[in-house]
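Structure first, commentary second.
Chains as they are written, first to last, in the numbering used here: chain X, 772 to 905; chain R, 10 to 496.
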């Protein structure tokens, strides 16, 4: 990873956010890949792998609660590490207020994730498959 | 037949609503000319095509840009300090535009404030590199093998990837033909468009082309700045400057802001203020505060890349007409800081207005003008912020108070960093001037300021008394030594 590059560099396997943390920021992957892992009953379920330009941590930003929302999965840097840029909650929400088109990409990604979730649910019900087996 | 479109009358309360007027709606096959392929032009083209794609609209975008951004030196550069602000880096990432390492020469995570009383490093709370130091062109004059790419070239590439066409020629004629703008280059045939986006800089003659269209456009007011690129080599830049921007608060007349920015093998010196001249540049570079940051015995090379570009300090009077809108520097930009961020914001709002609301003067008035005016309003507050900074620069007591307050905040990391954040946002352009002023008016901030001012005043007085006492005692001691020396 380039030392002069923007963002913060995480080593392979290092956690960027942990399940149960309070989400105060959104994160955008600048370089590398990240694993999304859900910890359930002392077992880790690998939900998905995020690529460069993908973002995470956006859901707690939009949850209208007094305290920042709770993160529901752990995100770790994949093999080779990852370089991550933090996007402040206040910056993003203030700018979406002035420029709603900034939210298009977030909505687009969230829609894709809901669609993927629906497909996984249907597959689970019809085939009894565990999506993490893939 | 020559027919001039309606002028944009800023003062009138036009009741005619043309947002929905089909004449001024972009349709499939609609043609848009973007004059200027700097950040404002590339962002406008990118977002026009992106938003058109979103609503299933098929439009053609031609970018007129004669500059070759792969060529080092002034011919491939748009002359600017080359800082992408913390806010813009975040917004671009949210929009899916990551600045690659081939473009970002140095991620900045802190700045060092230099004054005659000393220096203090101010770090971001997250300790993350969120400011990008870039070269607008392929590098300064004299670079044989460019290691980094041009920011402007990268952004232009993104617009071309989206589907824009590059016409690498200079526009030398603009006219209205049947109510539509016509664009002509020296070599090409006249082309008529549904919309022309003016995205030229203030250091170009192209501004006259828009004045000649007679829609009430008066170019922005400008002032001269100074930028130079000093070659020190990557090792020195890494060791001495690191990931910090060096900001100087010196008591020099005319100088509003001075910074040294690390970039790959170069240090960029950037001076802003009222008509920076050669004498001021020399005074700045030979000041002890600047000399402390440079290698001992360093001398200015005989040949180095430098320029004195004009910058926009007050926006153009009328930034739109029917089928015409001006974005970036030729319209309004942020005072002294974050010009690329202002280009991004104005480009995006102009693009969304054209796609969703139409290209009439009334559509731009209703949806583009408020943001345009907001930039001007914020700049008026910016002038106040810089006037305050200038007073602190001028008075020793102010500088003493400032460095004391910041040093204490930086020593106690758990403390609320009020002054550090105010300075961070002022010098990096990461927040609006309104936000900076509001933060500066916070009661706790004012109380702390007064406390540090009192302490600085008392210490200043004590230092003065000590100095007087020393002067009074000196003759006595001199007398004593003379007596001792006597046989």
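Just so you know, even glycine gets a beta-carbon here, dropped at the ideal spot from N, CA and C.
Fair warning: this is a prediction, and the values are worked out from it, not measured in the lab.
Work out the CA separation of residue j and residue i for me, nearest whole Å.
{"i": "residue 240 of chain R", "j": "residue 481 of chain R", "result": "50 Å"}
{"i": "residue 864 of chain X", "j": "residue 100 of chain R", "result": "11 Å"}
{"i": "residue 290 of chain R", "j": "residue 235 of chain R", "result": "8 Å"}
{"i": "residue 390 of chain R", "j": "residue 448 of chain R", "result": "13 Å"}
{"i": "residue 888 of chain X", "j": "residue 895 of chain X", "result": "10 Å"}
{"i": "residue 59 of chain R", "j": "residue 170 of chain R", "result": "11 Å"}
{"i": "residue 309 of chain R", "j": "residue 277 of chain R", "result": "13 Å"}
{"i": "residue 349 of chain R", "j": "residue 74 of chain R", "result": "17 Å"}
{"i": "residue 786 of chain X", "j": "residue 806 of chain X", "result": "9 Å"}
{"i": "residue 880 of chain X", "j": "residue 886 of chain X", "result": "10 Å"}
{"i": "residue 53 of chain R", "j": "residue 841 of chain X", "result": "37 Å"}
{"i": "residue 324 of chain R", "j": "residue 364 of chain R", "result": "24 Å"}
{"i": "residue 279 of chain R", "j": "residue 268 of chain R", "result": "5 Å"}
{"i": "residue 851 of chain X", "j": "residue 778 of chain X", "result": "16 Å"}
{"i": "residue 450 of chain R", "j": "residue 220 of chain R", "result": "41 Å"}
{"i": "residue 377 of chain R", "j": "residue 435 of chain R", "result": "26 Å"}
{"i": "residue 79 of chain R", "j": "residue 892 of chain X", "result": "50 Å"}
{"i": "residue 326 of chain R", "j": "residue 229 of chain R", "result": "7 Å"}
{"i": "residue 783 of chain X", "j": "residue 798 of chain X", "result": "17 Å"}
{"i": "residue 820 of chain X", "j": "residue 112 of chain R", "result": "27 Å"}
{"i": "residue 243 of chain R", "j": "residue 275 of chain R", "result": "7 Å"}
{"i": "residue 345 of chain R", "j": "residue 320 of chain R", "result": "8 Å"}
{"i": "residue 375 of chain R", "j": "residue 817 of chain X", "result": "49 Å"}
{"i": "residue 402 of chain R", "j": "residue 466 of chain R", "result": "16 Å"}
{"i": "residue 491 of chain R", "j": "residue 472 of chain R", "result": "The predicted model places residue 491 of chain R with a pLDDT of 40, which falls under 50 and marks its position as unreliable; any figure quoted below should be read in that light. In a straight line, the C-alpha of residue 491 of chain R is about 28 Å away from that of residue 472 of chain R."}
{"i": "residue 382 of chain R", "j": "residue 388 of chain R", "result": "10 Å"}
{"i": "residue 446 of chain R", "j": "residue 252 of chain R", "result": "27 Å"}
{"i": "residue 264 of chain R", "j": "residue 407 of chain R", "result": "17 Å"}
{"i": "residue 281 of chain R", "j": "residue 287 of chain R", "result": "13 Å"}
{"i": "residue 307 of chain R", "j": "residue 809 of chain X", "result": "57 Å"}
Nearest to residue i by CA position, among the options, is which residue?
{"i": "residue 828 of chain X", "options": "X/852, X/814, X/859 and X/854", "result": "X/859"}
{"i": "residue 790 of chain X", "options": "X/879, X/831, X/853 and X/881", "result": "X/831"}
{"i": "residue 796 of chain X", "options": "X/879, X/868, X/833 and X/802", "result": "X/833"}
{"i": "residue 192 of chain R", "options": "R/71, R/440 and R/410", "result": "R/71"}
{"i": "residue 186 of chain R", "options": "R/201, R/269 and R/273", "result": "R/201"}
{"i": "residue 1 of chain R", "options": "R/424, R/442 and R/329", "result": "No information on residue 1 of chain R is available, as it lies outside the stretch 10 to 496 that chain R covers here."}
{"i": "residue 815 of chain X", "options": "X/877, X/844 and X/851", "result": "X/844"}
{"i": "residue 212 of chain R", "options": "R/339, R/404 and R/281", "result": "R/339"}
{"i": "residue 270 of chain R", "options": "R/247, R/284 and R/283", "result": "R/247"}
{"i": "residue 207 of chain R", "options": "R/110, R/337, R/149 and R/128", "result": "R/337"}
{"i": "residue 30 of chain R", "options": "R/231, R/93, R/283 and R/372", "result": "R/372"}
{"i": "residue 231 of chain R", "options": "R/342, R/178, R/102 and R/315", "result": "R/342"}
{"i": "residue 103 of chain R", "options": "X/826, X/822, X/809 and X/803", "result": "X/826"}
{"i": "residue 423 of chain R", "options": "R/132, R/384, R/467 and R/472", "result": "R/132"}
{"i": "residue 541 of chain R", "options": "R/38, R/37, R/36 and R/51", "result": "This structure leaves residue 541 of chain R out entirely; chain R is present only between 10 and 496."}
{"i": "residue 162 of chain R", "options": "R/413, R/292 and R/109", "result": "R/109"}
{"i": "residue 283 of chain R", "options": "R/266, R/197 and R/292", "result": "R/266"}
Please tell me whether residue i and residue j are closer than 8 Å, where the distance is taken between their beta carbons.
{"i": "residue 256 of chain R", "j": "residue 120 of chain R", "result": "yes"}
{"i": "residue 164 of chain R", "j": "residue 48 of chain R", "result": "yes"}
{"i": "residue 824 of chain X", "j": "residue 846 of chain X", "result": "no"}
{"i": "residue 439 of chain R", "j": "residue 95 of chain R", "result": "yes"}
{"i": "residue 81 of chain R", "j": "residue 147 of chain R", "result": "yes"}
{"i": "residue 781 of chain X", "j": "residue 855 of chain X", "result": "yes"}
{"i": "residue 138 of chain R", "j": "residue 106 of chain R", "result": "no"}
{"i": "residue 44 of chain R", "j": "residue 215 of chain R", "result": "yes"}
{"i": "residue 224 of chain R", "j": "residue 356 of chain R", "result": "no"}
{"i": "residue 88 of chain R", "j": "residue 114 of chain R", "result": "no"}
{"i": "residue 237 of chain R", "j": "residue 315 of chain R", "result": "yes"}
{"i": "residue 794 of chain X", "j": "residue 848 of chain X", "result": "no"}
{"i": "residue 332 of chain R", "j": "residue 205 of chain R", "result": "yes"}
{"i": "residue 69 of chain R", "j": "residue 40 of chain R", "result": "yes"}
{"i": "residue 413 of chain R", "j": "residue 461 of chain R", "result": "yes"}
{"i": "residue 142 of chain R", "j": "residue 272 of chain R", "result": "yes"}
{"i": "residue 76 of chain R", "j": "residue 65 of chain R", "result": "no"}
Quick check on the DSSP output: the beta strand (DSSP E) that includes residue i runs from which residue to which?
{"i": "residue 872 of chain X", "result": "Premise fails: residue 872 of chain X is in no beta strand (DSSP E) and is neither H nor E."}
{"i": "residue 786 of chain X", "result": "786–788"}
{"i": "residue 174 of chain R", "result": "174–176"}
{"i": "residue 388 of chain R", "result": "Here residue 388 of chain R belongs to no beta strand (DSSP E); instead the alpha helix (DSSP H) covers 378–403."}
Could you give the C-beta distance for residue i and residue j, rounded to a whole number, given that I count them as a contact under 8 Å?
{"i": "residue 437 of chain R", "j": "residue 140 of chain R", "result": "6 Å"}
{"i": "residue 295 of chain R", "j": "residue 33 of chain R", "result": "The pair is not a contact, with the Cβ atoms about 58 Å apart (cut-off 8 Å)."}
{"i": "residue 122 of chain R", "j": "residue 129 of chain R", "result": "5 Å"}
{"i": "residue 298 of chain R", "j": "residue 259 of chain R", "result": "6 Å"}
From which residue to which residue does the alpha helix (DSSP H) around residue i run?
{"i": "residue 54 of chain R", "result": "48–63"}
{"i": "residue 230 of chain R", "result": "Where residue 230 of chain R is concerned, there is no enclosing alpha helix (DSSP H), although the beta strand (DSSP E) it sits in stretches over 230–233."}
{"i": "residue 427 of chain R", "result": "427–437"}
Quick one: list the residues of chain C neighbouring residue i, beta-carbon separation under 8 Å, in chain order.
{"i": "residue 776 of chain X", "result": "This model lacks chain C altogether, as its protein chains are X and R."}
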